[in-house]
Amino acid sequence: MSVVLSLSGVSRAYPLPRRRLLGPRPMLQALSDASLTLSAGETLGIVGESGSGKSTLARLVMGFDRPDAGRITVLGQDINALPAPELRRLRAGFQMVFQDPFGSLDPRRPVGWSIAEPLLADPALDAPTRRKRVAEALEQVGLRPADGAKFPHQFSGGQRQRVAIARGIVTRPRLLVADEPVSALDVSMQGQILNLLSDLQAQMGLAMLFISHDLALVAHQCDRVAVMHRGRIVESGPVAQVFSHPRESYTRSLLARPETKSADNRELVNNTP
Amino acid sequence: WARTEITLSTQQEPTVLDPTADATASIDSMLTQNVYESLTSVNEAGEVIPALATDWTVSEDGLTYTFTLASGVTFHDGTSFDAEDVLFSFNRAMAEDSTNPSKRIFEPITEITAPDAQTVVITIDHTDAFFLFNLAQGDASIVAPESVDGNATSPVGTGPFRFDSWTRGDRLTLVRNDDYRDLQDGMMERITFRFIADPTAVTNALMAGEIDGTAGFPSPELLPMFESDPRFTVAVGTTQGEVILALNNGRAPFDDIDARRAVNHGLNRQEIIDGAMYGYATPIGSFFPPSDANYVDLTGLYPFDPEVARSLLADAGIAEGTSIRLRIPPFAYATRSAVIIQAEMAAIGLDVEVEQLEWAAWMDQVYNGRDYEMTIIAHTSPNDLSNFTRGPNYFYGYDNPAFNTLWDQIVATADPVARGALLQDAQRFVADEAVHGFLFQLPSLGVYRTELSGYWVSSPVIFSPLADLRWTE
Amino acid sequence: MYKIRNLSLSFDGHEAVRSASFDIPRGARLGLVGESGCGKSITALALLGMAPASARVSGSIEIDGQEMAAAPERLWRSYRARKVAMVFQEPLSALNPLKRVGDIIAEPMRLHLRLDRRAARARARDLLVEVGIPDPEARLDQYPHQLSGGQRQRVLIAAALSCDPQLLVADEPTTALDAHVAGRILDLLKRLSETRDMALVFISHDLEAVARVTEEMLVMYGGDIVERGPTAQLLADPRHPYTKGLIEARPRLDALTLRADGAPRPRLASIPGSVPALADLPKGCRFAGRCPIERPACAGLRPAVSVLGPGQRQVRCLAPLLPAKVPA
Amino acid sequence: MRNLPVSLWIGGALVGVIALAALVSLVWTPQDFATVAVSERFQPPSARYWLGTDQLGRDVLTQLMVGARNSLTIALVAVGLGGALGTALGLLAGAKGGWTEEIVLRLADFSFAFPALLFAIMLAAAFGPSFANAVVAIAFINIPVFVRVSCASARQVWQRDYVLAARASARGGLAITRDHVLPNIAAIVIVQATIDFAGAILIEAALSYLGLGVQPPEPSWGRMLSEAQTLLFLAPQLTVLPGLCIVATVLGFNLLGDGLRDLADPRREKAR
Amino acid sequence: MPFLLRRLAGLVATLTGISLVVFAVMNVLPGDPALTILGLDSTEDARAALSAQLGLDQPVWARYLDWLGGILQSDFGTSYAYRVPVTELILERLPLTLTLGLLASILTIALATALGVFAAARHGKAGDWVTMILSQLGIAIPAFWLSILLVLLFAVTLRVLPSGGFPGWAEPLEALKSLVLPVTALVLVQASVLARVTRASVLEVAKLDYARTARALGLSPRRVMWGHVLPNALVPMVTVAGMQLAGLITGTIVIENVFFLPGLGRLMFQAINNRDLYTVQALVLLFASIVVIVNFLVDMIYLLIDPRLREGRS
Ligand SMILES: Nc1ncnc2c1ncn2[C@@H]1O[C@H](COP(=O)(O)OP(=O)(O)OP(=O)(O)O)[C@@H](O)[C@H]1O
Ligand SMILES: Nc1ncnc2c1ncn2[C@@H]1O[C@H](COP(=O)(O)OP(=O)(O)OP(=O)(O)O)[C@@H](O)[C@H]1O
Ligand SMILES: [Mg+2]
Ligand SMILES: [Mg+2]
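Chains as they are written, first to last, in the numbering used here: chain A, 31 to 303; chain B, 2 to 474; chain C, 38 to 365; chain D, 4 to 275; chain E, 18 to 331.
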């Protein structure tokens, strides 16, 4: 199996406002020394509580932001060492699906245009080819090609997320980064979208980075999982193994089912974040 | 019991109160011959009368003036006035680094001496028929060395009123000088000038009873309203201000006399006077006040006739629709006339573009820089036919040795009758040359409370003595 | 305590809640579930007399025998906080960012219970202890943004509890929170209801959450209460196809032990389609069009409520599912 | 046209009437606007002079119509220029962020601190009063407003996921600005433009009132007002009419702006 | 606090920039101060002498540096036209303009808040409509035109208030009376703008969750409005009020001329006409500092209003 994504020792810190005049600028270590690999056809789950650095990781992988340290290799290329034109060419190979289906589609463009946007970078594709690919993608996600002429507000949330996924796969990428792809959706819709992602993965041999704070979703969807805590990957491995025999206490606390806990008030107080 | 206080308004606001350092007309209108006095003065008829000099003699050759000064006069600060003050004032105005706005007045003087404390002798290098008249101006005010440095903000003179207070931007107050040598009964004890620039505001203030009168009322259209209001008297008089459509003789197209004559034929003075001044003005055909005894009516010289104007323009080779800039200063008479002139010029085939400039910009660009084709300006100085002798560097761009010779003759002629005849020749000369479009004589328009008397209706000079102001029952 | 009969709420003639009838007895814990847009929130707001101004309300809301559906705002106001209080979904935006925590909690007490500043503050402190916020004395002087999401939600609950209401309506109080924190809040609500003998209406689309907190639940779809009954029974043995769909669509963490490394991923069941807009809802059974067992009659005819078996179970379906085999 | 805000209707109607008058004046006016006929001054309304004549015998309706043309043209060109430049700068700042943004916004702050009318006065004094300079002055005043508005909204758009998606799609900054940012801030910029348009009419009136705007014989509402000011007692309509025209136009554009904003408000759509 | 220091540096930079611009513009402006002062009949040598006296024969940069040096010793130069220190000129007129501005600001804020809240509380009802129509008219009426109409009514026809001018502080009652119309003319326009912002902002906040929370806790509409909604609506109101101050400054320039009040606005006008560089310079700097300082105050008020901003977070 070929490796499509690997991170080694990746760190990223964000500056915070100074507390004192001329004092040092405090930094927030959003990601520290993260390493992981992802192979073709595989789904890697990233779990962790809010603010643990999951989205930061996604942004770095997508090249929206640069790491302070470490190397990110996508499809065999170090994306931060690549000259801009070549990175652009490479981008067709890795795409992203966002959390908010309302915010990730330009409200002023028909969805067909949005789906075609990743194809615009490839000068080899002419307009009819692009149209054909868009129609294909729409069908793949269970929509009709005619829906490409509609605007985002004419779709329901779940359909919108399908459109977003169509845009993610239209370039036939080998890696799809999905940052909380279903957490904004109704329960009934979540199943539809997760099934769709599974199907596409099977069809296209996609590798997927699946980010979620919902352990049940990750458990269902992923082959392997990395648990994040305060910017660090504290544990990783096959899902069944990590979730049934967690090594780290943090992972255990994540997995702990509250109702099994004693309702002792004191403990509740001490654990409040 | 008689009222002895009065509030007047003036449109223009001075920045300093020293007429020997600043040309602002309102300094003179408020202070000259009221706070400051000169050796001579001028009455409403324009005749020279004694002031600080009670008497004078002129030598046979007309080159030596001997003035006898009033005695027992003190300045408002208590220092006494004598010939030394006169010498100081004149020497200061004539000095190399003098910044007197009318330094020209002093140019003829070659020597000035004080044989005794009450006598001053002035020698000039050529006869000057206007010399005594000029000495009455605010620029020749007699100031004291002790107080001269403070005159910009608290003027000290010898006149019937002393300076009381000045709130910049709002008002200036004079009070009666009880030590004045010629104190009269009923003279105002307190005179307040309010600075109100806007004609509507002046009207409102008059109507609201906040001011008792104003000279130089800027809106002739409102006069009928005041005339029909029993509370007010409208005083319409004359000024020395010739309003002209000045043509730049120094550059095309108005370096051509045909072009200038065409403009004169194209001007319908009556329409301009009616339109801009609501009839309150006297048309002029040359550059001389109609109130003067030596005035010649030349308004018929170029009768209004667009056809003649057109053919003259054609003769001068000026194409129909030629574009001409009319760059005007921001004065009511100019802006109002400009629109009408623009329409009249359009009728003879000149495309006039009106450009209203700030006063400072007008002085810099039009007056100093001579960058204009046409402008509208009132020349308010007395005896200013001499402007036509000022040569190519003056903004007229007019240069005619024949006229210069004529003017030299006028200045040198002491005999009033002979001089009068020469002045008439000069008027004809200027009109014949059609140096400018001559429009009208600026009227002196005043509105006063009916109970008020003693104000000047006409303005032969830019100052206006207030000692005769009285409230009557 | 609350008796709701034929409560309808409509916008522009479209019914967002369709003749809902239910009771809230003293101390009861009632769950209200359903997908987004099913009418949960506006039903809840109606319980406080706070339905949107644009909504037309009909039917009857009786509180302790007093008919309130057409009651003037003034009367409603005197009921709020004392008889009924509400906790909203977004913990940060539901708290006035410019007010100190202590003042937020104390304000209703000073107003309704006429407590003086000191007494109100003391009680606010006690309430913070009750909802389990550490170091309550210091928290009183903090601002909402200085607290974590879970703490904010607790403050909101404390404010709602301040006047000792007989009914607490919690509208999706945990959706903005981590699963971790959310669990604690749920337990807190349950405990408060028990210790104070306070009725609780708990709104959520999360069945697990509802299961943890409530004794009885109502399932709403498209403005209809489609099924109701004791929570455990209803979850174990759903009779309405919508309820069943909801239950099955959800991946479950405990299922993962069944899936060994490399084993094929099971497909998730899901309800096809999505909730239509208010104007596009079918006239008859609201679920028509998405229902796996739909019959031709469904879309045109509003099914009547059938009472099932013993107990409190009711379902609004032409052909309710058969009872599931009782699990061993 | 269901459900359009009332303000849009009223504003549109007011602006429509004024704009129509301005357009008609291009091809036809009751009289020639530059013709002066002193003998015809202060005529009451008649079949020949629908609204009577002014102090120089010019037809008031004609003056108002051509005045509308001049006011609208100045406002249009000025707001257009200022809006285009300001929006371009704002988009640049919003796209680049960092130092570019800092500099652009500081410059905008800087020109905010400079009293606007003062700037116009100085400009008119420096280059002489004229149509063009009035335009430049008003345009200049407008630039920082547009910079701020467009930069702030552009920055927001740049935060949106669809822009991230576009970046993931290998689109360049210029393409993203053109395809996503500009269309999405257009509504806000247009609303701003209508409101500034109203402001521009007021500034133009104030400039003309001070003699710094359109030069005669071209009529302008502001100058009509200032010229007729002293005639308030004689012929009040000469002051009232241009004043009303200014009020109507400003009101019209403000209402239009309000209406457009309501229309563009996404919450409106949701509440529907 | 780096914040204060940054703002101070910003202020100095802005003012330096503005002073440069003013110096440059005033030099480009056609018009020679000496000619303006001495008039058309003056002779060249008199003008040259005056120019030398005023230091106008120096090159621009030398004059600028000279002026800058003066500033550091708190000497703002001597007015060309008035021949007195600029500081004196300004101090003389500052009280009037300050009173005018402050009165107008306070009344604007009070009136606008009252109207805005009133309209918002009656959202969609007659009271709202009337207030909003009046405020639209208020915005649309040019201040100078409104002034004329006010004078016509109150000074000329009713004769209850002076038509303009300022009697000085010696008679406080008269002084206040003479400020009534100018302040009214300023306030009506500015308050119209602010009232609309207030209304919009209040309506916006009233829709938010915490307003709903407050209502759900049984608070009366009035209490919700004044205790919860209005404080939160303040931020946009303060922003606009701050920007309006710049408008107010421009407004006073016009209003002081219409009512012939001896204030800074009128001084500014005259100074430009007289090409009185140092006076213009000082006035522009003063006005700009006021704008910058007010912006700073606005930021401080944000901090006061909003605890979230107090912690240096964005
Ligand atoms: N641009 C930024 N500037 C400063 N801090 C940031 C920035 N982006 C993220 N952070 C901080 O970095 C930390 C990690 O953020 P990140 O968005 O990666 O978390 P997350 O795990 O995705 O959380 P969530 O589940 O809430 O989305 C957080 O504390 C966040 O506040
Ligand atoms: N103010 C309103 N105006 C018009 N329609 C409304 C209004 N409020 C709610 N609705 C409509 O009423 C229906 C029920 O809304 P409600 O907010 O009760 O849903 P919900 O079940 O609480 O959903 P969610 O889980 O998303 O909160 C929806 O279709 C909604 O669009
Ligand atoms: Mg995230
Ligand atoms: Mg809801």
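For every residue, glycine included, the Cβ atom is placed at its ideal position computed from N, Cα and C.
Boundaries (first-last residue) of the alpha helix (DSSP H) holding D:I204 = As a working note, residue 204 of chain D is residue 201 in the fourth sequence. That run of the alpha helix (DSSP H) goes 185–212.
query = Closer than 8 Å: is that where the CB of A:D209 sits relative to any heavy atom of ligand 1?
reply = Along the first sequence, read from residue 1 onward, the residue named residue 209 of chain A stands at position 179. It does: the Cβ of A:D209 is within 8 Å (strictly closer) of some heavy atom of ligand 1.
request  = Compute every distance between the C-beta of C:D240 and the non-hydrogen atoms of ligand 2, then say whether any falls below 8 Å.
outcome  = Within the third sequence, numbered from 1, the residue matching residue 240 of chain C stands at position 203. The question names Asp, but residue 240 of chain C in the sequence shown is Ile. At least one heavy atom of ligand 2 is nearer than 8 Å to the Cβ of C:I240, so yes.
inquiry  = So D:P2 contacts chain A; which residues on that side make the cut at Cβ distance below 8 Å?
reply    = The first residue shown for chain D is 4 and the last is 275, placing residue 2 of chain D beyond what the model contains.
request  = Look up C:L295 in the DSSP assignment and say whether it is helix, strand or coil.
outcome  = Here residue 295 of chain C is taken as the residue at index 258 of the third sequence, counted from 1. Since pLDDT at C:L295 reaches only 47, below the 50 mark, its modelled position is unreliable, and no value is offered.
message = So with CB distances below 8 Å, who are the chain C contacts of A:L224?
response = The residue you call residue 224 of chain A lines up with position 194 of the first sequence. Simply P288, L305.
ask   = Who does C:K40 pair with in a DSSP beta bridge?
value = Within the third sequence, the letter at position 3 stands for residue 40 of chain C. DSSP lists C:D60, C:E99 as partners of C:K40.
task = Give a yes or no on whether the minimum CB-CB distance between B:Q12 and chain D is below 9 Å.
result = Translated into the one-based positions of the second sequence, residue 12 of chain B becomes position 11. Closer than 9 Å to the CB of B:Q12 there is not a single CB belonging to chain D.
key: Residues of its chain near E:M242, where Cβ-Cβ distance is below 7 Å and the 5 sequence neighbours each way are ignored   = If you number the fifth sequence from 1, residue 242 of chain E lands on position 225. V134, A138.
inquiry  = Is any non-hydrogen atom of ligand 2 found closer than 8 Å to the C-beta of A:S228, if you look at the structure I gave you?
reply    = On the first sequence, position 198 is the one that residue 228 of chain A refers to. Distances taken from the Cβ of A:S228 to the heavy atoms of ligand 2 include none shorter than 8 Å.
Residues from the region 133–144 of chain C in contact with chain E, defined by Cβ distance under 9 Å = Answer in chain order: N133, P134, L135, K136, R137, I141, E144.
inquiry  = Using a Cβ-based criterion (distance less than 8 Å to any ligand heavy atom), does C:P210 qualify as near ligand 2?
reply    = Counting from one through the third sequence, the residue named residue 210 of chain C turns up at place 173. Answer for C:P210: no, Cβ out of range of ligand 2.
task = May I ask which residues mark the beginning and end of the beta strand (DSSP E) holding B:S10?
result = As a position in the second sequence, residue 10 of chain B is number 9, starting the count at 1. Element bounds for B:S10: 6–11.
request  = Starting from the Cα of E:K194, find the closest Cα among E:D49, E:L203, E:N44, E:G181 and give me that residue.
outcome  = Position 177 of the fifth sequence, counting from 1, holds the residue named residue 194 of chain E. Just measuring C-alpha positions, the residue of E:D49, E:L203, E:N44, E:G181 sitting nearest E:K194 is E:G181.
ask   = Alpha carbon to alpha carbon, what distance is there between E:G27 and E:L251?
value = Taking the first residue of the fifth sequence as 1, we reach residue 251 of chain E at position 234. Taking the first residue of the fifth sequence as 1, we reach residue 27 of chain E at position 10. Take the alpha-carbon of E:L251 and the one of E:G27: they are about 25 Å apart.
ask   = Applying a beta-carbon distance threshold of less than 7 Å, which residues of chain B neighbour E:T60?
value = If you number the fifth sequence from 1, residue 60 of chain E lands on position 43. The contacting residues are K104, R105.
task = Would you kindly report the start and end of the unbroken alpha helix (DSSP H) that includes E:L251?
result = The count along the fifth sequence starts at 1 and reaches residue 251 of chain E at position 234. Annotation for E:L251: the continuous alpha helix (DSSP H) segment containing it runs 247–275.
inquiry  = Please tell me whether B:F194 and B:T11 are closer than 9 Å, where the distance is taken between their beta carbons.
reply    = Position 193 of the second sequence, counting from 1, holds the residue named residue 194 of chain B. Position 10 of the second sequence, counting from 1, holds the residue named residue 11 of chain B. Yes, the Cβ-Cβ distance between B:F194 and B:T11 is below 9 Å.
query = Along chain E, which residues have their Cβ under 8 Å away from the Cβ of B:R450?
reply = Stepping through the second sequence from its first residue, residue 450 of chain B is reached at position 449. What B:R450 touches in chain E: nothing, since even the nearest Cβ is about 16 Å away.
query = How about C:S185: is its Cβ closer than 8 Å to a heavy atom in ligand 1?
reply = Along the third sequence, read from residue 1 onward, the residue named residue 185 of chain C stands at position 148. Checking the 8 Å criterion, the Cβ of C:S185 is out of range of every heavy atom belonging to ligand 1.
inquiry  = Within 9 Å of any Cβ in chain B, is that where the Cβ of D:V80 sits?
reply    = Residue 80 of chain D sits at position 77 when you count from the first residue of the fourth sequence. Contact of D:V80 with chain B is not assigned, every C-beta pair being separated by 9 Å or more.
query = Is C:G30 near C:R176, with beta carbons less than 9 Å apart?
reply = The structure shown does not extend to residue 30 of chain C, since chain C is modelled only from 38 through 365, so no value can be given for it.
request  = Using only the heavy atoms of ligand 2, determine whether one of them is closer than 8 Å to the beta carbon of C:K281.
outcome  = Taking the first residue of the third sequence as 1, we reach residue 281 of chain C at position 244. C:K281 Cβ: outside cutoff for every heavy atom of ligand 2.
ask   = Cα separation between A:L51 and E:R24?
value = For the purposes of this step, residue 51 of chain A is taken as residue 21 along the first sequence, with counting starting at 1. For the purposes of this step, residue 24 of chain E is taken as residue 7 along the fifth sequence, with counting starting at 1. The predicted model places A:L51 with a pLDDT of 49, which falls under 50 and marks its position as unreliable, so this point remains unresolved.
request  = Just tell me which of C:P340, C:S47, C:S199 has its CA closest to the CA of C:A92.
outcome  = Indexing the third sequence from 1 puts residue 92 of chain C at position 55. Residue C:S47 holds the alpha-carbon nearest to the alpha-carbon of C:A92 among C:P340, C:S47, C:S199.
key: Residues from the region 66–79 of chain E in contact with chain B, defined by Cβ distance under 7 Å   = Residues of the region 66–79 of chain E with a Cβ closer than 7 Å to any Cβ of chain B, in chain order: A66, L67, Q70.
task = In the DSSP assignment, find the unbroken alpha helix (DSSP H) run with E:I88 in it and report its ends.
result = For the purposes of this step, residue 88 of chain E is taken as residue 71 along the fifth sequence, with counting starting at 1. 77–89 is the extent of the alpha helix (DSSP H) around E:I88.
ask   = Can C:T80 be considered in contact with ligand 2, in the sense that its beta carbon sits closer than 8 Å to one or more heavy atoms?
value = Translated into the one-based positions of the third sequence, residue 80 of chain C becomes position 43. Distances taken from the Cβ of C:T80 to the heavy atoms of ligand 2 include one shorter than 8 Å.
ask   = C:E245: buried (16+ other C-beta within 10 angstroms of its C-beta) or exposed?
value = For the purposes of this step, residue 245 of chain C is identified with residue 208 of the third sequence, where counting begins at 1. Buried, by the Cβ-count rule.
ask   = Given that a residue counts as buried once 16 or more other Cβ atoms are within 10 Å of its Cβ, and exposed if not, what is A:Q184?
value = Start at 1 with the first residue of the first sequence, and residue 184 of chain A comes out as number 154. Taking all protein chains in view, the Cβ of A:Q184 is surrounded by fewer than 16 other Cβ atoms within 10 Å, so the residue is classified as exposed.
query = Of all the alpha helix (DSSP H) runs that stay within the bounds of the region 42–123 of chain A, which reach a length of 4 or more residues?
reply = With a minimum length of 4 residues, the continuous alpha helix (DSSP H) runs that stay inside the region 42–123 of chain A are 84–91, 114–121.
ask   = Three or more C-beta pairs closer than 8 Å, one from the region 24–39 of chain D and one from the region 328–347 of chain B: is that the case here?
value = Touching, yes.
task = Just tell me which of E:D83, E:A129, E:F286, E:A131 has its CA closest to the CA of E:T267.
result = Working through the fifth sequence from its first residue, we reach residue 267 of chain E at position 250. Measuring from the Cα of E:T267, the nearest candidate turns out to be E:F286.
inquiry  = Could you check whether the region 111–121 of chain C touches the region 229–238 of chain E, counting it as contact only if at least three pairs of C-beta atoms, one from each stretch, sit closer than 8 Å?
reply    = By the C-beta criterion, the region 111–121 of chain C is judged to be in contact with the region 229–238 of chain E, since at least 3 inter-stretch pairs fall below 8 Å.
ask   = At a cut-off of 8 Å, is C:P89 close to ligand 2 when judged by its beta-carbon and the heavy atoms of the ligand?
value = On the third sequence, position 52 is the one that residue 89 of chain C refers to. Yes, ligand 2 has a heavy atom inside 8 Å of this Cβ.
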